[in-house]
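Chemist:
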Amino acid sequence: MSFGAGVGSMPGEDYVAALRVVIDETPDLVAIPELPARGVQAAMTGRGIGILAELGADLQPAGWRLTGAGSGADQRRARSLLAQDLDTVEEQLQGFEGQLKIQVAGPWTLAATVERPRGDRILADHGGRRDLAQSLAEGIRQHLASVSGRVPGASLVLQIDEPMLPAVLAARIPTASGWGRHRSIDKPEADEALRLVVEAGRDSGALTVMHSCAPDVPVDLVAGAGFDALSFDLSLTAPGDVWAAAFDGG
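Each residue of the sequence shown is one higher than the one before, starting from 3 at the first, in the numbering used here.
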């Protein structure tokens with residue numbers, strides 16, 4: 003058996019229309035849509051900022067930054083927009099009993115794109131990386147509980163979006179000055195953060211999927227972290243032993 007499913011991001015600003023398209027075109031696996039055209043609060047990183055638990059953030063000219071204090075206006079806007087979208091999901095999926103997919107930016111993509119309070123990426127701070135992963139995991143638990151409460155008949159699928167993970171592992175993320183690169187993250191630390199979000203999904207009864215649209219997806223790391231599935235761009239992959247081992251392992 004085969005069926006289609008959306009990755010998550012869609013064009014336009016009409017959330018009801020986007021959700022109806024997803025429901026009508028991919029009823030076997032409905033992806034809660036993201037509409038980044040509505041603003042940074044509705045894009046992948048903004049959604050992730052809205053899901054974080056007990057970590058405040060605000061929007062600076064350079065992008066999202068943790069505040070070290072309470073939530074800024076833009077983080078509150080991201081949370082409000084997400085809640086409104088879930089209200090729409092609840093209205094449109096009354097009596098739904100299929101698979102429902104939720105997309106969340108992963109810990110390494112957030113660490114590579116969000117700044118710490120004193121500047122530069124969270125990626126530069128070992129303690130900050132740990133705190134971010136823990137906050138994200140707790141936020142995922144709360145988010146999935148909210149979705150499950152709104153659509154109680156759905157079987158949840160948690161998709162962790164990690165487009166920046168290969169660059170993080172390969173030390174390709176530039177520093178704030180642009181003259182250097184953040185050091186690579188070793189695989190044990192990368193694995194630990196990924197396991198936290200996998201466990202958060204499983205604790206909530208969700209299947210977990212890693213999605214990355216980047217080349218050089220670390221297949222062995224993803225498999226070892228315990229994800230149930232891997233979503234990737236087939237055009238960016240090349241045959242190799244690591245893929246063969248992953249497929250043989252299920």
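For every residue, glycine included, the Cβ atom is placed at its ideal position computed from N, Cα and C.
Could you tell me the distance, in whole angstroms, from the CA atom of residue 24 to the CA atom of residue 99?
Modeler: As a position in the sequence shown, residue 24 is number 22, starting the count at 1. As a position in the sequence shown, residue 99 is number 97, starting the count at 1. When rounded, the distance between both Cα atoms is 15 angstroms.
Chemist: Need the endpoints of the beta strand (DSSP E) that residue 33 sits in, please.
Modeler: Counting from 1 along the sequence shown, the entry for residue 33 is found at position 31. Where residue 33 is concerned, the enclosing beta strand (DSSP E) stretches over 31-33.
Chemist: Using a Cβ-Cβ cutoff of less than 6 angstroms, which residues in the same chain neighbour residue 52 once the five nearest sequence positions on both sides are dropped?
Modeler: Indexing the sequence shown from 1 puts residue 52 at position 50. Within the same chain, residue 52 has close Cβ partners 80, 81, 84.
Chemist: How is the alpha helix (DSSP H) around residue 77 delimited, first residue to last?
Modeler: Residue mapping note: residue 77 aligns to position 75 of the sequence shown, counting from 1. Looking at the DSSP string, the run of the alpha helix (DSSP H) that includes residue 77 is 75-94.
Chemist: Using CA coordinates, which residue listed in 128, 90, 209, 226 is at the minimum distance from residue 18?
Modeler: Start at 1 with the first residue of the sequence shown, and residue 18 comes out as number 16. When only C-alpha atoms are compared, the closest one is 90.
Chemist: Taking only the alpha-carbon atoms, compute the straight-line gap between residue 32 and residue 102 and give it to the nearest angstrom.
Modeler: Here residue 32 refers to the residue found at position 30 of the sequence shown. Here residue 102 refers to the residue found at position 100 of the sequence shown. Residue 32 and residue 102: Cα-Cα distance of roughly 5 angstroms.
Chemist: Restricting to Cα atoms, I'd like to know which of 152, 168, 65, 87 is closest to residue 193.
Modeler: If you number the sequence shown from 1, residue 193 lands on position 191. For residue 193, the nearest C-alpha among the options comes from 168.
Chemist: Below 9 angstroms between beta carbons: does that hold for residue 112 and residue 88?
Modeler: Residue numbering aside, residue 112 sits at position 110 when the sequence shown is read from its first letter. Residue numbering aside, residue 88 sits at position 86 when the sequence shown is read from its first letter. Their beta carbons are not under 9 angstroms apart, which means residue 112 does not touch residue 88 by this criterion.
Chemist: In terms of residues, what are the limits of the beta strand (DSSP E) holding residue 1?
Modeler: The requested residue 1 does not occur in the structure, where the chain is confined to residues 3 to 252.
Chemist: Is the closest heavy atom of the ligand ATP to the C-beta of residue 54 under 8 angstroms?
Modeler: The model depicted lacks the ligand ATP and carries no ligand whatsoever.
Chemist: On the DSSP bridge list, what partners appear for residue 123?
Modeler: The residue you call residue 123 lines up with position 121 of the sequence shown. Paired residues: 117.
Chemist: On the three-pair Cβ rule with 8 angstroms, is the stretch 33-51 touching the stretch 110-127?
Modeler: Yes, the stretch 33-51 is in contact with the stretch 110-127.
Chemist: Could you pull out every residue in the same chain whose Cβ sits closer than 8 angstroms to the Cβ of residue 177, ignoring the five residues on either side in sequence?
Modeler: As a first step, residue 177 is located in the sequence shown; it is residue number 175 there, counting from the start. Closer than 8 angstroms at Cβ, skipping near neighbours: 122, 123, 126, 183, 184.
Chemist: For a test of the three-state rule: what should DSSP assign to residue 183, helix, strand or coil?
Modeler: Counting from 1 along the sequence shown, the entry for residue 183 is found at position 181. Note: residue 183 maps to strand in three-state DSSP.
Chemist: Roughly how many angstroms lie between the CA atoms of residue 93 and residue 153, to the nearest whole one?
Modeler: Taking the first residue of the sequence shown as position 1, residue 93 is located at position 91. Taking the first residue of the sequence shown as position 1, residue 153 is located at position 151. C-alpha separation (whole angstroms): 9 angstroms.
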